[in-house]
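J.: The structure's right below; bear with me while I get my questions together.
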Amino acid sequence: MPRLLCVDDEPLVLNALMRLFRQHYEVGIATSGAQALQLMSTLPFDVVISDQRMPGMSGVELLGQIREKHPQAMRILLTGYADLQATLDAVNRGEVFRYVTKPWNNDQLRQVVQQAMDAARTPPTSLGRPTTPVRPALSVVSGDAAAQVGILVLDSDPALADMVRQVAGQRRIVTAATLDEAATALETDAGLGVLVTEARVGRDELVGILSALREARPALTSIVAARHTDAEQVIRLINQGQIYRYIGKPVPADRLATELNGAIRRHLSLRAAPQLTARHRVEAPAPVATVVAAASTQPGGLRQLFARVAGLFR
Amino acid sequence: MQTDAAPPTRAWLASLVALLTLLFGAGGSALIGWQLSRLGAEQPEMPTGALEAPALKATAATAEARARLQGLRDVLGSLTEIDERQYAALADPVLASEPGLLALLWLTPDPADPTSPETAPAIRVRHALYGAPTLAQGLPPRSELLGRDLAGESTLAALRAGSETVGLLDFGYAEGHASRLYRVARIDGSSGHLLAIFHLPTIAERLLDAARNATFALRLERDTGEALAAEPDAGSGEPAARQTVSWYGGAVQLSLWPRAATTTSGLPPALPWAIGAGGGLLSLGLAGLLWRMLSNSARMAQLMQRRTAELVEAYDRARDSELMAMQAEKLSALGQMVAGVAHEINTPLGYISSNLQLLHDKLASLGPLLDRDRKLLETGMALPRLTPEQRLQWWHAAKAQHDAHTQLTAEGGVADLDAVTVESLEGLTRLADLVQTLKNFARVDRAPVDHVQLNDCIRDTLKIAHNVVKHRAEVELDLGELPELRVNPSQINQVLLNLVTNAAQAIEGYGKVRIQSRAGEDGITISVEDNGSGIPAAHLHRIFEPFFSTKPQGEGTGLGLPIARKIIAEHGGDIEVHSTVGEGTRFVVRLPMLPAA
């Protein structure tokens, strides 16, 4: 039976979660991060749901540690409030699968946990080592496959491309200033494995596009560099885009180098084991899902897909 | 605005004063100069007898001619008989010596003319001699005169009366100015009369020339006042003196007027002008100076007004920005509070919502379950009358229901539903409590200043700050017994929240925050201590500086501590800080027992 760990310092929340899930899963509860880690060291858990604001260790701190210690567990953040930094950490450190806000909808939460359970079942054999921000910037992913991975930079401002070139100049770097150009590049160049993009390109927010890309190019790993960091946007990008990283501009060079390396590694592992992409399935908003589903049947190419998706949000 | 009205008025005033100064200055100087000049003129150096001198001179001028005329008469009177030639020889030199003399006539009575003793004997012109310009002057020719009896009524009467005017009417030259131009002088002798005819204007000129002097301007007049000759300086109005000049037996009046030029004064004539000009320039300078001073003062007044307005504006702006900054700090503090409070609210909402959803789901299945129970029981009431097949059917239905109930129990059953509602109600209580805590913290609808138990403030603040602090630090309370103190509780809460939040944020990882309260003799002491990173000595004296912050850009306003200090100061107290890097920080707030200001 799949195992679910619920972590929250409020016992009544744990009671409610227990009621919700005990019929389908084996539910473990913990009222602190320390307790949760202790439990996990004794029992394997498939999915962990944690609150953010807890005494001692915060939720994202806990999930970050779980990512390192028990990478196969799917991580979900369930919180009443998390400030921007915590939300960024949820993406960048916790690599959370979903970010659910309190109060939640039972059906929706059930669905999220089920999805997580399905993904957790994927054999975790070729997950690769997770990266941490303290890794020195000069380490380079080695191997021929790694060298082939190209980077697509999508931004109307050329500064981001300049920064990427500065940091990873030895790689193939393709730049695009519009969605059209990006789509063309992705269609023509199959070797592009990492997308570095601004959260807004022109009038278009990238959430829908990234969501569509999850389906169209599941191995493509995205780093979002945003001029205006916005917690709501980050939450959407987590839930609907499953982005790899979210960084505020201007991006420090060493940070960018580290994250690019990590993204390349992630891309390679996803390419090697496509079933792992299930771990990054998204909750695409219904219209996007419809468009994406339609696109899979009509081979119109990415450009039309992007255009249609972007059209949904205009 | 008044700044505009004042300078034009002042400028007008300045101009007016300048003008007046100029006028009075120039005028006064001119007046002084004129008075000075008059000073010279009013005291002329008049030698004695200066007034009589001109007349005497004039008289003296004709004395010689008069003497000659008399001499001629004497000679003619001594002769019994003379002829033309002799007469001419005698009279000519006399005529020549006096330019104004036109004619000399010798008249003797006619012995042959019998007259009554009532009437005078005829006086016939025996001899007549004219001067050169005679004819031009319009006298009758000699031929007409000789033998003519001049002793007409008027003539005789005139001769007899001794009048010097012989009526020339007899000559028929009454019209024109001829009669006025001539004067006839009778120079009596013993046996005859010498009649001399003079051209008045010439005689007058001669007299005037003789009398001319530097002191007086002269005018010769007849007795009637008619001018015979005058100098141009002789003015109108009253003369200084009127002298009689006697000449050929007659007299004319000589009037004297003092000359205008103070040539006799010691001052140069240009001096009054110089003084007037100098005074004018001086007053012009003075006027200019005054004008400058006044307009300067007007300008300075305007400048000061403008500066004052600028200062007031700057102060207003500074105060506005201070207010805005304080407002920003309040909003920031509020934002922090909202963050914690949002979580506090959403957590109970989370399980209340979830529980009610579950309840709804459960009821969705419970309803039909109870319906089926009811139907089963209804059917069961008729059990004795049922056929065995029907009874079997009923038993199957009952078993199914029993399974459903077992399932329900396995799922938790009604007891669980009870727990669901109870927990949800508890959650609602939590929410109500939270709202009350918020109200207490913010002192909504309460008196701003009140007698307050400060330990309550500490507890209220901690409830609000709970969420910020709980995952960073363990909070230890060491609260002593405190008397009530008159404070502004919402402000004190604001200060405590700031200190507690700072303490929590200073801790890396997980640490401890200790809050202590004590009552002393002079007041109450509250300390907030943390075992966080501490504040470096270099920053320690700057933390109360507005906008000084060690937080990254965009986090916090840098105003929390300055405002806290201001609040405590307004309560008559103070805030101290002690810190050691790596060990922790302690803030100590002292509030005096005196009532709040």
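From first to last, the protein sequence lines stand for chains V and D.
Residue numbering for the first sequence follows our numbering, beginning at 1 and increasing consecutively.
Residue numbering for the second sequence follows our numbering, beginning at 315 and increasing consecutively.
Each residue gets a CB set at the ideal place from its N, CA and C atoms; glycine is no exception.
In its own chain, which residues sit with a C-beta less than 6 Å from the C-beta of alanine 73(V), not counting the 5 before and 5 after it?
T.: Numbered from its first residue, the first sequence carries residue 73(V) at position 73. The answer, listed in chain order, is Phe45, Val48, Ile66.
J.: Report all residues from its chain with a CB closer than 8 Å to the CB of arginine 129(V); omit the five preceding and five following residues, and keep chain order.
T.: Residue mapping note: residue 129(V) aligns to position 129 of the first sequence, counting from 1. With a pLDDT of only 48 at arginine 129(V), under the threshold of 50, the placement of this residue in the model should not be trusted, and no figure is reported.
J.: Is the beta carbon of leucine 77(V) closer than 7 Å to that of alanine 90(V)?
T.: Counting from one through the first sequence, the residue named residue 90(V) turns up at place 90. Counting from one through the first sequence, the residue named residue 77(V) turns up at place 77. Yes, they are a contact pair.
J.: Just curious, the beta strand (DSSP E) that histidine 267(V) is in, first and last residue?
T.: Translated into positions along the first sequence, residue 267(V) becomes position 267. That residue, histidine 267(V), is in no beta strand (DSSP E); its alpha helix (DSSP H) goes 253-272.
J.: Does the beta carbon of alanine 656(D) sit closer than 7 Å to a beta carbon anywhere in chain A?
T.: You won't find chain A in this structure, because its protein chains are V and D.
J.: Would you call the stretch 219-226 of chain V and the stretch 337-345 of chain D touching, i.e. three or more CB-CB distances under 8 Å?
T.: no
J.: What are the boundary residues of the alpha helix (DSSP H) that glutamate 658(D) is part of?
T.: Looking up residue 658(D) in the second sequence gives position 344. Its alpha helix (DSSP H) spans residues 584-695.
J.: Skipping 5 residues on each side, what residues in its chain have a beta carbon closer than 6 Å to that of leucine 260(V)?
T.: For the purposes of this step, residue 260(V) is identified with residue 260 of the first sequence, where counting begins at 1. Once the five neighbours on either side are set aside, the close Cβ partners of leucine 260(V) are Ala168.
J.: Scan the stretch 43-62 of chain V for residues whose Cβ lies nearer than 9 Å to a Cβ of chain D and list them as they occur along the chain.
T.: Asp51, Gln52, Arg53, Met54, Pro55, Gly56, Met57, Ser58, Gly59, Glu61
J.: When you compare only the Cα positions, how much space is there between isoleucine 659(D) and glutamine 805(D)?
T.: Sequence index remark: in the second sequence, residue 659(D) carries index 345 (1-based). Sequence index remark: in the second sequence, residue 805(D) carries index 491 (1-based). So the alpha carbons of these two residues sit roughly 24 Å apart.
J.: What is the rounded straight-line gap between the Cα of leucine 17(V) and the Cα of isoleucine 838(D)?
T.: Stepping through the first sequence from its first residue, residue 17(V) is reached at position 17. Stepping through the second sequence from its first residue, residue 838(D) is reached at position 524. The straight-line gap from Cα to Cα measures roughly 47 Å.
J.: Can you list, in chain order, the residues of the stretch 3-32 of chain V whose Cβ is nearer than 7 Å to any Cβ on chain D?
T.: Glu10, Leu12, Val13, Asn15, Ala16, Arg19, Leu20, Gln23
J.: Rounded to a whole number of angstroms, what is the C-alpha to C-alpha distance between threonine 894(D) and glutamate 843(D)?
T.: By one-based count along the second sequence, residue 894(D) stands at place 580. By one-based count along the second sequence, residue 843(D) stands at place 529. The straight-line gap from Cα to Cα measures roughly 12 Å.
J.: Check the Cβ-Cβ distances between alanine 294(V) and every residue of chain D, and say whether any is below 7 Å.
T.: Here residue 294(V) refers to the residue found at position 294 when the first sequence is read from its first residue. Not one chain D Cβ lies under 7 Å of alanine 294(V).
J.: Is the Cβ-Cβ distance between glycine 794(D) and serine 841(D) less than 7 Å?
T.: As a first step, residue 794(D) is located in the second sequence; it is residue number 480 there, counting from the start. As a first step, residue 841(D) is located in the second sequence; it is residue number 527 there, counting from the start. Judged by their CB atoms, glycine 794(D) and serine 841(D) are not nearer to each other than the 7 Å cut-off.
J.: Quick check: the Cα distance between glutamate 692(D) and asparagine 754(D), rounded to an integer number of angstroms?
T.: Translated into the one-based positions of the second sequence, residue 692(D) becomes position 378. Translated into the one-based positions of the second sequence, residue 754(D) becomes position 440. Going by the C-alpha atoms only, they are around 58 Å apart.
J.: Between the alpha carbons of leucine 256(V) and valine 164(V), how many angstroms are there, rounded?
T.: Counted from its first residue, the first sequence places residue 256(V) at position 256. Counted from its first residue, the first sequence places residue 164(V) at position 164. Roughly 8 Å between the two C-alpha positions.
J.: Checking contacts by CB at 7 Å: is threonine 815(D) closer than that to chain V?
T.: As a working note, residue 815(D) is residue 501 in the second sequence. For threonine 815(D), not one C-beta of chain V is nearer than 7 Å to its own C-beta.
J.: For the alpha helix (DSSP H) that aspartate 844(D) lies in, which residues bound it at each end?
T.: Residue numbering aside, residue 844(D) sits at position 530 when the second sequence is read from its first letter. No alpha helix (DSSP H) contains aspartate 844(D), which is instead part of the beta strand (DSSP E) from 837-844.
J.: Could you tell me which residues DSSP puts in a beta bridge with histidine 892(D)?
T.: Here the question's residue 892(D) lines up with position 578 in the second sequence. Answer by DSSP bridge pairing, in chain order: Arg900(D).
J.: Following the continuous beta strand (DSSP E) through tryptophan 571(D), name the residue where it begins and the one where it ends.
T.: The count along the second sequence starts at 1 and reaches residue 571(D) at position 257. Element bounds for tryptophan 571(D): 565-572.
J.: Return the CA-CA distance between glutamate 61(V) and proline 71(V), expressed in angstroms with no decimal places.
T.: Taking the first residue of the first sequence as 1, we reach residue 61(V) at position 61. Taking the first residue of the first sequence as 1, we reach residue 71(V) at position 71. Going from the Cα of glutamate 61(V) to the Cα of proline 71(V) covers about 14 Å.
J.: Of the choices Val766(D), Asp836(D), Leu810(D), whose alpha-carbon is the least far from that of valine 827(D)?
T.: Counting from one through the second sequence, the residue named residue 827(D) turns up at place 513. For the residues Val766(D), Asp836(D), Leu810(D), the minimum Cα distance to valine 827(D) belongs to Leu810(D).
J.: Given a threshold of 16 other Cβ atoms within 10 Å of its Cβ, counted over all protein chains shown, does methionine 618(D) qualify as buried or as exposed?
T.: In the second sequence, the residue the question calls residue 618(D) occupies position 304. When all chains shown are included, methionine 618(D) counts as exposed.
J.: Could you check the C-alpha separation between methionine 695(D) and arginine 686(D) for me, to the nearest Å?
T.: Position 381 of the second sequence holds residue 695(D). Position 372 of the second sequence holds residue 686(D). Roughly 14 Å separates the two Cα atoms.
J.: So which residues on chain D does aspartate 118(V) lean against when the C-beta distance must stay under 9 Å?
T.: Within the first sequence, residue 118(V) is the residue found at index 118, counting from 1. By Cβ distance, chain D contributes nothing, its closest Cβ being about 22 Å from aspartate 118(V), past 9 Å.
J.: Any idea what DSSP makes of leucine 152(V), helix, strand or coil?
T.: Residue numbering aside, residue 152(V) sits at position 152 when the first sequence is read from its first letter. Of the three classes helix, strand and coil, the one that applies to leucine 152(V) here is strand, per DSSP.
J.: Taking the straight line between their C-alpha atoms, what separation do you get for leucine 63(V) and leucine 625(D)?
T.: Taking the first residue of the first sequence as position 1, residue 63(V) is located at position 63. Taking the first residue of the second sequence as position 1, residue 625(D) is located at position 311. For leucine 63(V) and leucine 625(D), the distance between alpha carbons rounds to 58 Å.
J.: Mind checking arginine 236(V): buried by the 16 CB within 10 Å criterion, or exposed?
T.: On the first sequence, residue 236(V) is found 236 positions in, with the first residue counted as 1. Result: buried.
J.: Report the three-state DSSP secondary structure of aspartate 764(D) (helix, strand or coil).
T.: Walking along the second sequence from the start, residue 764(D) turns up at place 450. Of the three classes helix, strand and coil, the one that applies to aspartate 764(D) here is strand, per DSSP.
J.: Name, please, each residue of chain V whose Cβ falls closer than 7 Å to the Cβ of glutamine 715(D).
T.: As a working mapping, residue 715(D) is identified with position 401 in the second sequence. Going along chain V, no residue has its Cβ under 7 Å from glutamine 715(D), so there is no contact; the nearest lies around 20 Å.
J.: Pull up the distance between the alpha-carbon of alanine 488(D) and that of alanine 510(D), whole angstroms please.
T.: As a first step, residue 488(D) must be located in the second sequence, where it is residue number 174. As a first step, residue 510(D) must be located in the second sequence, where it is residue number 196. In this prediction, alanine 488(D) scores a pLDDT of 35, lower than 50, which makes its location untrustworthy; the coordinate-derived value is nonetheless stated afterwards. Rounded to the nearest angstrom, the two C-alpha atoms are 18 Å apart.
J.: Mind listing which residues of the stretch 74-85 of chain V have their C-beta closer than 9 Å to chain D's C-betas, in chain order?
T.: Leu78, Thr79, Gly80, Tyr81, Ala82, Asp83
J.: Where does tryptophan 571(D) land, buried or exposed, given buried means 16+ other C-beta within 10 angstroms?
T.: Taking the second sequence and counting its residues from 1, the one referred to as residue 571(D) is at position 257. Looking at its Cβ environment, which holds 16 or more other Cβ atoms inside 10 Å, tryptophan 571(D) is buried.
J.: The alpha helix (DSSP H) spanning glutamine 35(V) covers which residue range?
T.: Residue 35(V) sits at position 35 when you count from the first residue of the first sequence. Looking at the DSSP string, the run of the alpha helix (DSSP H) that includes glutamine 35(V) is 33-42.
J.: Straight-line CA distance for phenylalanine 901(D) to arginine 773(D)?
T.: Taking the first residue of the second sequence as position 1, residue 901(D) is located at position 587. Taking the first residue of the second sequence as position 1, residue 773(D) is located at position 459. Their backbone Cα atoms lie some 17 Å apart in a straight line.
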